[in-house]
Every structure is written in C-alpha cells, then in structure tokens.
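Residue numbers for the sequence shown follow the UniProt record's numbering, beginning at 1 and rising by one.
The beta carbon of each residue, even a glycine, is placed where N, CA and C say it ideally should be.
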Amino acid sequence: MHTDIAQAKTGPQPETRVRVWDPLVRVFHWTLVAAFATAFIVEDELLGVHIWAGYLALGLIGVRILWGLIGTRHARFTDFVRGPGAVFAYIKDAIAFRAPRYLGHNPAGGAMILALLISIGATGLTGLSLVDARGFEGEALEEVHEFFAFLSLGLILAHVGGVLFSSFAHGENLIAGMISGYKRRDV
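Quick look at the structure:
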C-alpha cells in the first residue's frame, strides 16, 4: 500500500527488471547442467544412462552453437565473445571490485561459455568415439575422455565461483536471473 502512495506522488515508476535470457538459453543451461551431472555421476555403473546423457549434452551444444549465431541479442556470440585482452582486463578489474556490470555476459563469462562448450563438447565427442574403439586406441581415448570430463568439471566450478563473485560484487542474484530470465535494469 505504501508503494502505491509513493507512486501516486512521484508518477509511474520505470520497470526495474529487464528480460535478458530467453527461454532457449535458460532451458539449454539447466538441461546441460543435468546432462553433464548425470553422465559424470553415473559413469560406468549405468553406462546406458551415461551414454544417453552424453548424446543429450552434444545435441544441446549443437543447438546452443546455432542459437549463438541466430538467437536473441544476449544469446548471440557477437554480444559476449571478446578477445583475450578484454577478458584479462575484466578479470583484473573484477579482482579490484571495479569491473563494470554487464546486462548480458561479461567478457570473463563469455570466455567461460566458449571454454565450457569446447570442453563439454570434446568430452562428448571422445565418448562417442569410444563406442567402437578397441585395445590401446580405446584406452587412450578413454584417458582423453576422462581428461576433458575433469577439465569440464573444473571449468564448471570456476564458472559457479565467478557467478557467485559477480553476484556479490554487483549486488544481484545471477542464478535467479538464469532461472527467471530477468536481471536488474540500471536506471
């Protein structure tokens, strides 16, 4: 009720939130989380589930690459992929708590997306190659597959750490934004 009185005195208030993440980006994100977690956790104990989770992850990555080329503004690679100089400058500024807030992905987040797409994609492709591999070739491929799986896990942990750090530094819940699609609009 007090808000209504304040609005009556000051006039209409601008929308404080803006939709940033479209449904495809959000469904992709959380489904990839589930697919990777499933494949990583069940490993060889439930090989069929592991393989299908890997197929799902590869399919999702294919869709995300396409959406990164033709999708909505903040889904497009052109909106968030920056060169190494911009990424390192952003990280340096973030450590000093002076990095600017981005409505879409910041340069470090953009680099992380690329790294995750490549690493999880390589995990899936090497896993797919294991289906027909035998002997030494199979053992070597399995080592490469496991390397990329653990690299992906490390990148995921770094990603979560970066999201939590940015949420704290900019005073907004980025995880909630990836669920609802909305972020705070700077007015």
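Reference residue i; option with closest CA among the options
i	options	result
Arg76	Val87, Gly85, Arg64	Arg64
Trp21	Arg185, Glu43, Ile179	Ile179
Tyr55	Leu103, His74, Leu32, Ile70	Leu32
Pro84	Met112, Glu143, Ile70	Met112
Val81	Arg101, Ala108, His170	Ala108
Gly110	Phe97, Glu45, Phe40, Ile91	Ile91
Leu114	Trp52, Gly62, Glu137	Gly62
Gly121	Asn106, Glu172, Gly59	Gly59
Gly48	Ala94, Ala176, Leu128	Leu128
As assigned by DSSP and simplified to three states, the class of residue i
i	result
Val63	helix
Tyr55	helix
Leu103	coil
Gly154	helix
residue 189	The structure shown does not extend to residue 189, since the chain is modelled only from 1 through 187, so no value can be given for it.
Leu46	coil
His2	Confidence at His2 is low in this model, with a pLDDT of 47, below 50, so its placement is unreliable and the value that follows should be read with caution. Note: His2 maps to helix in three-state DSSP.
Glu172	coil
Arg26	helix
Val81	coil
Asp93	helix
Val144	helix
Val131	coil
Close beta carbons around residue i, own chain, < 7 Å, minus the five adjacent residues each side
i	result
Asp79	Arg73, Gly104
Glu43	His50
His2	Legend: pLDDT at His2 = 47, less than 50; position of this residue unreliable, no value from coordinates given.
Gly138	Leu130
His29	Met178
Leu174	Val163, Ser166, Ser167
Glu172	Lys183, Arg184
Residues that DSSP places opposite residue i in a beta bridge
i	result
Lys183	Val18
Proximity of residue i and residue j at Cβ, strictly below 8 Å
i	j	result
Thr126	Leu141	yes
Ser166	Phe36	no
Arg26	Lys183	no
Arg98	His170	no
Leu130	His145	yes
Leu24	Gly68	no
Ala86	Ala57	no
Phe148	Ser119	yes
Glu15	Arg185	yes
Gly161	Arg19	no
Proximal residues to residue i (C-beta, below 6 Å), its chain only, five neighbours per side dropped
i	result
Leu116	Leu155
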